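Numbering (the numbering used here), first residue to last: 1221 to 1542. Don't be surprised by glycine CBs; every beta carbon is placed ideally from N, CA and C. It should be emphasised that the depicted structure is a prediction, and the values quoted were computed from it without experimental measurement.
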């Protein structure tokens, strides 16, 4: 969890300014997709925590695939970083997590999704033109590689953090609805009809209206968006102080991962996103943050924050590529 400077001493990589902190690059460094390092005798083997969860990677004989894989790994490393900051129990013996990055062929259609600890990403999503086309076809306002990773990880963590805990299930159902509702039928109904015109009153996105599991996954992804963006704003020392607008004033002076009160996070988040949207419009771009957060959505995000604060903190970085 540290940014280190390294220098070569013989065949060793040693942290600058020290005599004995020896590291080695993750094995995927050679492909230009990873800059994480491990201690010399790491129990994790030759792969870093982010790369150790790869099960399937694209065929690297194709330059297009190599380019897409690099983009995919940038997004996935940011995802795993968030897991580590939140001390989430990912890839444990009881709940292994692996990633399949697959290319569509004439005989196989690849659907991005999650099932039983396996997150599958169609590598075509790394192509901006393809992703934009899908975004327009599906009527989405936001679609990114990182968003895919965060959404699908939400399904994984629902299994890990909620599914087998009766008390947490009751809290989940109170906010998100009863997940025992037929999932496949719910998705059919969503895609075969116009979504609720007033969805913004209770949901973070239209897709969140489809089923309680999707509401959870969309909200989970949004929570990770917030935490990561606020951490970056904190690192840059950003503050918002518009003239004659006290309600839009904020100073981001604390790492969000160290803040327990979710209301404090919201009070930093709303002015920041309002300012960023205004800057984007000044450059003729679409809104940086194309969302509206209603009171029910804030309650859902607060529930996720409490869940992340109160789970048993673990660094579970085990496993190996398959």
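Best match in the options for proximity to residue i [C-alpha to C-alpha]
i	options	result
residue 1475	1306, 1240 and 1248	1306
residue 1465	1324, 1490 and 1353	1490
residue 1473	1482, 1459, 1467 and 1481	1459
residue 1287	1435, 1393, 1461 and 1347	1347
residue 1311	1478, 1447 and 1381	1381
residue 1200	1338, 1399, 1255 and 1224	Past the edges of the chain, shown from 1221 to 1542, lies residue 1200, and the structure says nothing about it.
residue 1263	1251, 1278, 1246 and 1274	1246
residue 1477	1454, 1234, 1398 and 1497	1454
residue 1302	1351, 1270 and 1410	1270
residue 1519	1432, 1452, 1422 and 1500	1422
residue 1434	1507, 1399 and 1468	1399
residue 1467	1479, 1394, 1395 and 1488	1488
residue 1208	1424, 1261 and 1484	Here the chain has residues from 1221 to 1542 only, and residue 1208 is not among them.
residue 1260	1250, 1448, 1273 and 1235	1235
residue 1285	1251, 1273, 1313 and 1304	1251
residue 1438	1366, 1530 and 1529	1366
residue 1401	1313, 1448, 1501 and 1432	1432
residue 1567	1442, 1273 and 1329	Any answer about residue 1567 is impossible in this case: the structure gives the chain only from 1221 up to 1542.
residue 1445	1255, 1330 and 1362	1362
Which of helix, strand or coil DSSP assigns to residue i
i	result
residue 1367	helix
residue 1261	coil
residue 1384	coil
residue 1333	strand
residue 1281	coil
residue 1481	coil
residue 1318	strand
residue 1459	strand
residue 1499	helix
residue 1361	coil
residue 1509	coil
residue 1546	Nothing can be reported for residue 1546, as the shown portion of the chain is limited to 1221 through 1542.
residue 1395	helix
residue 1218	The structure shown does not extend to residue 1218, since the chain is modelled only from 1221 through 1542, so no value can be given for it.
residue 1400	coil
residue 1269	coil
residue 1486	helix
residue 1195	The requested residue 1195 does not occur in the structure, where the chain is confined to residues 1221 to 1542.
residue 1233	strand
residue 1293	helix
residue 1627	The structure shown does not extend to residue 1627, since the chain spans only 1221 to 1542, so no value can be given for it.
residue 1241	coil
residue 1253	coil
residue 1465	coil
residue 1424	coil
Alpha-carbon spacing of residue i relative to residue j, whole angstroms
i	j	result
residue 1317	residue 1257	21 Å
residue 1280	residue 1349	21 Å
residue 1268	residue 1299	14 Å
residue 1524	residue 1440	7 Å
residue 1456	residue 1342	34 Å
residue 1369	residue 1296	7 Å
residue 1413	residue 1486	33 Å
residue 1265	residue 1339	22 Å
residue 1244	residue 1233	6 Å
residue 1278	residue 1461	47 Å
residue 1360	residue 1228	48 Å
residue 1374	residue 1308	12 Å
residue 1325	residue 1504	38 Å
residue 1242	residue 1248	18 Å
residue 1289	residue 1450	27 Å
residue 1514	residue 1426	13 Å
residue 1352	residue 1364	9 Å
residue 1226	residue 1403	50 Å
residue 1304	residue 1418	36 Å
residue 1480	residue 1532	15 Å
residue 1221	residue 1396	33 Å
residue 1436	residue 1231	48 Å
residue 1452	residue 1385	33 Å
residue 1442	residue 1328	31 Å
residue 1354	residue 1330	14 Å
CB-CB length for residue i against residue j, believed under 8 Å
i	j	result
residue 1336	residue 1276	Not really, about 15 Å apart at Cβ, beyond 8 Å.
residue 1334	residue 1387	Actually they do not touch by this definition, with Cβ atoms about 24 Å apart.
Check whether residue i and residue j have beta carbons under 8 Å apart
i	j	result
residue 1345	residue 1332	yes
residue 1315	residue 1240	no
residue 1521	residue 1482	yes
residue 1253	residue 1283	no
residue 1430	residue 1410	yes
residue 1470	residue 1499	no
residue 1496	residue 1511	no
Minimum Cβ-Cβ distance from residue i to chain D less than 8 Å
i	result
residue 1251	No chain D is present in this structure, which holds just one protein chain.
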